[in-house]
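Novice:
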Amino acid sequence: CRAVGAGVLVYHSGLQALDLVRYGVCHTLLRDAELAAGAQQEVAALRELGPVAADAGVIIGMENGDSHQW
């Protein structure tokens, strides 16, 4: 972000379970264990990215699309 002068990074969840089915990547929705594992990976990645973004003066905004409450 700093290289292009951007002050905001919009993060889109990798857990867009409905999109995976819609685009034919998966034929079923993710199981609860798969969603939990994916959420843990995202939390770990954001915890690592947060300090880097803060040092660069970049705000991380999180897209709140698919909430998995269907």
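Here my numbering runs 15 ahead of the position in the sequence shown, where the first position is 1. Backbone N, C-alpha and C fix where the C-beta goes; we use that ideal spot for every residue, glycine too.
Which residue from Y26, G22, A21, A18 puts its Cα closest to that of E57?
Specialist: Comparing Cα-Cα distances from E57 to each of Y26, G22, A21, A18, the minimum goes to Y26.
Novice: What residues in its chain sit with their C-beta under 8 Å from that of Y42, if we drop five residues either side in the sequence?
Specialist: For the sequence presented, residue 42 should be read as His rather than Tyr. So the qualifying residues of the chain are V36.
Novice: What does the alpha-carbon distance come out to for the pair G65 and I75?
Specialist: Answer to the nearest angstrom: the Cα atoms are 8 Å apart.
Novice: Assuming E78 contacts S28 under a Cβ cut-off of 8 Å, what Cβ separation, rounded to an integer in Å, is found between them?
Specialist: 7 Å between Cβ atoms; contact.
Novice: Note down, in chain order, each residue of its chain lying with its Cβ closer than 8 Å to the Cβ of G22, except the 5 sequence neighbours on either side.
Specialist: Result list for G22: C16, G72, V73, I74, in chain order.
Novice: Mind reading off the beta-carbon distance from A68 to L24? Whole number of angstroms is fine, and I expect it under 8 Å.
Specialist: That pair is a contact at about 6 Å.
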